[in-house]
Amino acid sequence: MEILAHDILIVGAGLAGLRATISAAETSNKIDIAVISKLHPIRSHSVCAQGGTAAVMNEKDSFDLHAYDTVKGADFLADQDVVEFFVRQAPKEIILLEHWGLPWSRTPEGKIDQRPFGGHSFPRACFAADMTGFYEMHTLYGKAITYENVKFYDEFFATSLIVENNAVAGLTAIDLKTGELVAFKAKAIVMATGGHERIYEFTTFSHPSTGDGMAMAYRAGAPLEDMEFVQFHPTGLVPSGVLITEGARGEGGYLINALGERFMQRYAPKMMELAPRDVVARAEQKEINEGRGFTGPYGPYIALDLTHLGEEKINERLPLIRDVAKRLGGVDPVKEPIPVRPAAHYSMGGIKANIRTETPIRGLYAAGECACYSLHGANRLGTNSTAECLVFGGVAGEEAAKYAMSTNFQEFSKERVIAEEKRIYDGILGREGDERVPQLREEMRKIMDKKVGIFRVENELKSALKEIRDIKERFRNIRVEDKSKTFNTGLTTALELDFMLDLAEVTIISALARTESRGAHSRLDYPERDDKNWLVHTLAYYTVDGPKLDYIPVTITKWQPAARKY
Amino acid sequence: MNGDVVKTIEFRIRRYDPDTKKSYISTFKVPIRRGTTVLDVLNYIKENLDEKLTFRRSCRMGICGSCAVNVNGKPMLACYTQVLDLNADIITIEPLSNLPVIKDLVVDIQPFFQKFRKIRNVLIKPPESFKVQGEFIQSPEDLKKYWDLTLCTKCSICYSACPAAIDERYLGPSALSTNYRFIADSRDEGLEERLKPPADNIWLCTSCNSCTLFCPKLVNSSDAIVETRSLLVESGVVPKTVKDVLENVMRYHNPLGILQSKRMAWAEGLNVKTYPKVNRADVLFYVCCLTAFDVRHREIVRTMASIMDKLGVNYATLGIEEWCCGDHVLRMGEKGLFEMLAEHNIAVFQKFNANSIVTISPHCYNTFKNERPYKDLQLNVQHYTQFLAEAIEEGKIKPTKPYNKRVAYHDPCFLGKRNQVYDEPRRILQSIKGLELVEMRRNHESSFCCGGGGGRVWTEEAEPEKRPCIERVKEALELGVDVIAVACPLCIATLEDATKVLKAEDKIVVKDILEILKETL
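Going down the list, the protein sequences come from chains A and B. Numbers 1 to 566, taken from the numbering used here, label the letters of the first sequence in order. Numbers 1001 to 1521, taken from the numbering used here, label the letters of the second sequence in order.
The structure is reproduced here in structure tokens:
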């Protein structure tokens, strides 16, 4: 068994992970940094971010305005100290990336251009056509590979965190090329592994977004916060679920029902299509549920109409969307509307972290979508997530570097690693049952879509919980067909499902307990927001008997909860 | 996904088992619906038919670059390719070329990504510039100048399709176009530094255009390479071999450095009319420098002349006033010299009254057809294979003697990939009795370049096994053919050399289509 040592391990190499890497490397060129990612960095899901990155760049805009939009979008569940810090940092990140070469779209004067986005009361989405995340990723990757003290472990699949005395000691990972389990020793670890939306069937997410880091931290003792809040994006392309950016509506696109109505008139007369995502997704689902959706071979849908924008604007501002709609949806948005419906898109919840990205486990940091410092509360605004990855990725890298410089390696026993080897190779790979992983995964995803979707109700959540727990039982009886070592994607698919089942369970239990409707969490049996009882964050702790819940208060600095109208 | 099944298609997937080191094919029948992508098919197989099938996947929307594979011989993104668009009932899926296979469709991408570590992937400016508070100003017009090159997803398709990349010194199309993307960025001030990484290897590019042809994001790496070479030429930092070619052209108006007065030596004993003695003809016969000067090519051009004589075609050449068309100097980045050549040739064209131009070389053909300033004249230009295919179809030429040989046709890049002329050369060969025409594994659009284009025929210095021509001849040898038929003087030069290096001259010969035709008339 091989044990490798690095001062800092960054797990995940999407936006937050790469930004953390750069930030750690900038903090000191003496510390030894390793990036562990199950994909090559630029294959990460962050490249799918399209519409933009929010930042106050215009003197007519203000930090308070951005902060209030975020807090109101969050249905007042965001921690306001975090929000205030975030909005002040975001513009610096835009400039940093510009200085590294990011090709931001420009105003005629040559300044960074900004477009309107849902829930933002000012056009503050900096964008690079409709491939913002893609460009941010390629820019960060280009920067990250310039540091000599950064080593990349591409295609290493992390399986568990090693924690001793409530402090991180290291982790285990499978080197996919050899199939061997490798142990890493580290003084600090930054989790930046993204969201878990692959627990749903209809999702905008890349195949590998299975929430591994959330599950590893949870199993190691860190609580998961606010996991009931899953954002559904209003415009997932039918039939694949691939994202059609909110920027399409930012540029003036309409949502139309089968009667030809711009139905948002009824739900958000002021902001219309640019209301926050929870509001628009609910409106769409209601239209569909009440029979006003279009009918197609892949089920009912809503039409996203861009035809009035004209070919020139679509080519300049939304070139990827046009290509994707043509290639994957079979429609040319210049000529006809795009078929869409709400798709699981973002996890507001994640590993509990504070404003410095510290988790309750010493030396463990979390940034980006896998983390929850409660920036987004109950509903995230579009373009705040890429900004979050940059801001808090930067914070995490610096904090982890400082911590690593002040501490020593924690020793851990070889038995710990041997036990993990046993769990993976004898346990999961060695099982000779008759359940198939793809089958179990599809069942899980269908249950989540059907019963833990946009609208939730107690009896459905309860039955979903029972069914997910049944699948967890059946998972003990799986058989992975591929028994080889090299690049065993059958094994990693099983490990991912194992992680996702834990996360699905936490999501459902958190949702079941929250008897109110707030942001993305809509309970048909509790339709109102209940600030008296539920202005609190959910914490879910791992126990052998399933998640144990606890609650902590929301930090309010300036803005008291108010009615949320758009 | 639901929707109606349109048809069931057979997929043949190239597998590789790293434990036994065995390569084999698995066949699967998969129901296809409207909208089903190649990645959907791979997922379907893994989830329902064979869980062991191994491939990479991530975004499924053409932006992450994970799932590039060869589909029916062409590299493409599995997630961005609709099965029904392939118009095939049997579809073969193989791993990308040029990269070592790890397992099934998974290749080792590290050699490709290592190249990006040799260039700077961030803006270069003096340190004090970065102290400014705000952004660097860049007009939308300046942004447009390099925007198209920023679309590269690093999927490695171009690298896998690139004949020059078999030499590991070569940075590859993607890293080179990324390097040029920064040069073209108005904010960047690192020109000198950026010209260093490509300086000693960019000359390996053969201008075959495969990188650009197969790029899922339409990134024109081919042009970015020419632009970079142009800056290298301007800065004077070029290898001696390159300098020599350019100097030859400058002095002698041909890359071989032979006096123009010898240009008509090939026509000895034939009664070929030349400018300026005649200044009108139906066909202007454009010979090409290599064909005109190198005795190896003499029979080819003489055959063409005699066929035209027999057909009663009123043709003439420009004689010693035929200067190099300039293709190679253009691809080598010497734009000024190209313009000088073009200016001369165009001036002569204007004094010479012809209905059409027929070229021996696909390179002259492409230059006249597609490159400014020739292009602006909208010349009526034909490659000789087009001219002959027409004549055969009209019954004016009848190959009568049998040619009992197994022949593989090698598509020249400047005829095929750049001008989609695939059928005419094959039609000529098919009209010959006894000739068994077979296709090499890589043919038509996915044909593997001989390695002679882009000036490389003059500057070749790679070790033998890293020359594209060697790989190509090996491919033909595996096929067991007697003859590699070509229709380009550069392909003859490179491939014939490869048969010698491989000591395979007794097993296989390289012949121009005209040489084969001559034996049958």
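Using N, Cα and C, we set each Cβ at its ideal position, and we do this for glycine too. It should be emphasised that the depicted structure is a prediction, and the values quoted were computed from it without experimental measurement.
query	result
Amino acids of chain B, ordered along the chain, whose beta-carbon sits closer than 8 Å to that of cysteine 48 of chain A	Cys1059, Met1061, Ile1063, Cys1064
Residues that arginine 106 of chain A contacts on chain B, provided the C-beta gap is smaller than 7 Å	Gln1138, Ser1139, Pro1140, Leu1143
Interface flag, aspartate 638 of chain A vs chain B, CB-CB below 9 Å	The requested residue 638 of chain A does not occur in the structure, where chain A is confined to residues 1 to 566.
Contact set between phenylalanine 134 of chain A and chain B, taken where Cβ atoms lie within less than 7 Å	Ile1063
Strand pairing of glutamate 1027 of chain B, partner residues [DSSP]	Going by the sequence as given, residue 1027 of chain B is threonine instead of glutamate. Looking at the DSSP assignment, threonine 1027 of chain B forms a beta bridge with B/Arg1012.
Bounding residues of the beta strand (DSSP E) (the contiguous stretch that carries lysine 1074 of chain B)	1074–1077
Euclidean distance between Cα positions of cysteine 1469 of chain B and threonine 1494 of chain B	6 Å
Contacting residues, own chain, Cβ-Cβ under 7 Å from threonine 555 of chain A (five flanking each side not counted)	Asp79, Gln80, Asp81
Limits of the unbroken alpha helix (DSSP H) element including threonine 193 of chain A	First-last for threonine 193 of chain A: undefined, no H or E at that position.
Delimiting residues of the alpha helix (DSSP H) encompassing glutamine 1110 of chain B	1110–1114
Completely contained alpha helix (DSSP H) runs for the stretch 1480–1519 of chain B, where each covers 4 or more residues	1489–1501
Nonlocal neighbours in the same chain, by C-beta distance under 6 Å from methionine 1001 of chain B, ignoring five residues either side	Here the model assigns methionine 1001 of chain B a pLDDT of 45, short of 50, so the residue's position is not dependable and the matter cannot be decided.
Chain A contact for asparagine 1087 of chain B (CB, 9 Å cutoff)	no
Separation of threonine 1385 of chain B from leucine 390 of chain A, as counted between CA atoms	58 Å
Residues sharing a beta bridge with valine 35 of chain A, DSSP	A/Ile10, A/Phe152
Below-9 Å beta-carbon distance, glutamate 1047 of chain B vs any chain A residue	yes
Rounded separation between phenylalanine 1025 of chain B and serine 37 of chain A - CA only	In the sequence on display, residue 1025 of chain B carries isoleucine and not phenylalanine. Going by the C-alpha atoms only, they are around 31 Å apart.
Element boundaries [alpha helix (DSSP H), containing asparagine 58 of chain A]	From DSSP, asparagine 58 of chain A is part of no alpha helix (DSSP H); its letter is neither H nor E.
Residues that histidine 45 of chain A contacts on chain B, provided the C-beta gap is smaller than 9 Å	Ser1058, Cys1059, Cys1064
Own chain partners of glutamate 1394 of chain B with C-beta closer than 6 Å, once the 5 adjacent residues on each side are dropped	none
Coil, strand or helix - alanine 563 of chain A by DSSP	coil
Neighbourhood of arginine 445 of chain A by C-beta distance below 7 Å, restricted to the same chain and skipping five residues each side	Ile199, Tyr200, Glu201
Three-way DSSP call (helix, strand, coil) for methionine 1001 of chain B in this model	Unreliable positioning characterises methionine 1001 of chain B in this predicted model, as indicated by a pLDDT of 45, which lies under 50. The coordinate reading is nonetheless provided below. Reduced to three states, the DSSP call for methionine 1001 of chain B is coil.
Chain B residues whose Cβ lies nearer than 8 Å to that of isoleucine 478 of chain A	In chain order: nothing, as chain B lies at least about 11 Å away.
Boundaries of the alpha helix (DSSP H) in which glycine 568 of chain A is found, first to last residue	Since the first and last residues shown for chain A are 1 and 566, residue 568 of chain A lies out of range.
contact_flag[the stretch 455–463 of chain A, the stretch 141–152 of chain A] where n(CB pairs < 8 Å) is 3 or more	no
Chain-ordered neighbours of proline 103 of chain A on chain B, where CB pairs are closer than 7 Å	Leu1143, Trp1147, Thr1150
Interface residues of chain A facing valine 1122 of chain B [CB-CB closer than 8 Å]	Trp100, Gly101, Thr139, Gly142, Lys143, Thr146
Below-9 Å beta-carbon distance, leucine 39 of chain A vs any chain B residue	yes
Contact under 9 Å by Cβ, tyrosine 568 of chain A with glutamate 273 of chain A	With chain A covering 1 to 566 only, the question about residue 568 of chain A has no answer from this structure.
Proximal residues to threonine 1036 of chain B (C-beta, below 6 Å), its chain only, five neighbours per side dropped	Val1083
For lysine 422 of chain A and lysine 483 of chain A, the rounded distance between their alpha carbons	15 Å
Glutamate 435 of chain A at chain B interface by Cβ criterion, 9 Å	no
Where alanine 186 of chain A sits in the DSSP three-state scheme	strand
Counted within 10 angstroms of its Cβ, other Cβ atoms place leucine 9 of chain A as buried (16 or more) or exposed	buried
Neighbour flag for tyrosine 1080 of chain B against chain A, beta carbons, 9 Å	yes
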